[in-house]
Amino acid sequence: MKTLYLLLARYDGKPFIPIDNVLEDFFCGMSKKVFLHKIDSGEIRLPMCRLHPGQKAIKGVSVQDLADYLDACSAAARKELQKKRTIRPDYSHVEPDHLPDGPF
Numbered sequence: 567m568k569t570l571y572l573l574l575a576r577y578d579g580k581p582f583i584p585i586d587n588v589l590e591d592f593f594c595g596m597s598k599k600v601f602l603h604k605i606d607s608g609e610i611r612l613p614m615c616r617l618h619p620g621q622k623a624i625k626g627v628s629v630q631d632l633a634d635y636l637d638a639c640s641a642a643a644r645k646e647l648q649k650k651r652t653i654r655p656d657y658s659h660v661e662p663d664h665l666p667d668g669p670f
């Protein structure tokens, strides 16, 4: 929930964020063409919409959807870190005086 409030503050309370702003603020190393392709292909799971059906309508995302996406990315990163912390090498076959130094 904090992410949503921070995004609302960042975007002056606007509920719809133009794709150019999202790209600049969160995906700055990516071209707009690649970014839109990754959204269309589902590689970036961020719902994108237009506020009206015209071709010239600005594409954007809901501030709630962006907050949910960022929270999901953060949760996935925490889960991955937890996996890395719990995986320990098996040294049962190594003589005790030949164990490597380190936190294991």
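Numbering of the sequence shown is given in this note's numbering, commencing with residue 567 and proceeding in unit increments.
Heads up, the beta-carbon is just placed ideally off N, CA and C, and yes, glycines get one too.
The structure displayed is predicted, hence computed values, not measured ones.
Am I right that residue i and residue j are in contact with their C-beta atoms under 8 Å? What's the rounded C-beta distance?
i: Gly-709; j: Cys-639; result: Here the chain covers residues 567 to 670 and nothing more, so residue 709 does not appear.
i: Leu-583; j: Leu-632; result: In the sequence as presented, Leu is not what sits at residue 583; that position holds Ile. Rounded, the Cβ-Cβ distance is 6 Å, consistent with contact.
i: Leu-679; j: Gln-630; result: Past the boundaries of the shown model lies residue 679; the chain is included only from 567 to 670, so the question cannot be answered.
Within 10 angstroms of the Cβ of residue i, are there 16 or more other Cβ atoms? Answer buried if so, exposed if not.
i: Phe-670; result: The pLDDT assigned to Phe-670 is 48, lower than 50, so where the model puts this residue is not dependable, and the model offers no usable value.
i: Lys-645; result: exposed
Going by DSSP, which residues form a beta bridge with residue i?
i: Phe-582; result: Ser-628
Just tell me which of the options has its CA closest to the CA of residue i.
i: Leu-585; options: Asp-578, Gly-579, Phe-593; result: With the sequence shown as reference, residue 585 is identified as Ile, and Leu is not the correct amino acid for it. Of the listed residues, the one whose Cα sits closest to Ile-585 is Phe-593.
i: Ser-757; options: Val-600, His-603, Arg-611; result: Any answer about residue 757 is impossible in this case: the structure gives the chain only from 567 up to 670.
i: Val-588; options: Gly-620, Ala-643, Ile-624; result: Ile-624
What ranges does the alpha helix (DSSP H) occupy inside the segment 606-660, keeping only unbroken runs of at least 4 residues that lie completely in it? 629-652
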